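Enquirer: Okay, handing you the structure first.
In the working numbering, the protein residues as written are 10 to 70.
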């Protein structure tokens, strides 16, 4: 599958590997709503913050 992308303001054309092309076909048409995207990003941010704070929280208890 050939694809085009804008990188650094320039149009770049490349060929996707078979695995990436298959994943692209499977996900075609799937989109996140704004609320779903915010929820996803906030969940990831919260998980990261808790991992980073783990040693501090462990020493406080």
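Idealized CB from N, CA, C, for every residue including glycine.
Note that this is a predicted model, so its numbers are computed, not measured.
(1) What would DSSP say about residue 39, mapped onto helix, strand or coil?
(2) Which of the three DSSP states, helix, strand or coil, is assigned to residue 23?
(3) To the nearest angstrom, how far is it from the Cα of residue 63 to the Cα of residue 21?
Expert: So, from the listed chains and residues:
(1) As a position in the chain shown, residue 39 is number 30, starting the count at 1. It is coil, neither helix nor strand.
(2) Within the chain shown, residue 23 is the residue found at index 14, counting from 1. Strand, per DSSP.
(3) The sequence position of residue 63 within the chain shown is 54, counting from 1. The sequence position of residue 21 within the chain shown is 12, counting from 1. C-alpha separation (whole angstroms): 43 Å.
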